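Residue numbers (my numbering): 1350 to 1414.
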């Protein structure tokens, strides 16, 4: 995290409010990524699926069944 990240978080909340920042690492991914690179693999994209999108998809699938 850098100063820019902290300022972005501060701008996202109301004055007088507080926030918590969580930083985590998916340690299982490092050996997988290393093995893929050794095998000639190349990262072409990365991202995160927001929990709201997952919940909406699950609800839609349940409603369709």
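Ideal placement from N, C-alpha and C gives every residue a C-beta, glycine not left out.
Since we're looking at a predicted model, the values are computed, not measured.
Host alpha helix (DSSP H) of residue i (start-end)
{"i": "residue 1403", "result": "1400-1413"}
{"i": "residue 1384", "result": "1378-1387"}
{"i": "residue 1360", "result": "1352-1360"}
C-alpha gap between residue i and residue j, whole angstroms
{"i": "residue 1388", "j": "residue 1365", "result": "51 Å"}
{"i": "residue 1395", "j": "residue 1368", "result": "26 Å"}
{"i": "residue 1406", "j": "residue 1412", "result": "10 Å"}
{"i": "residue 1401", "j": "residue 1357", "result": "21 Å"}
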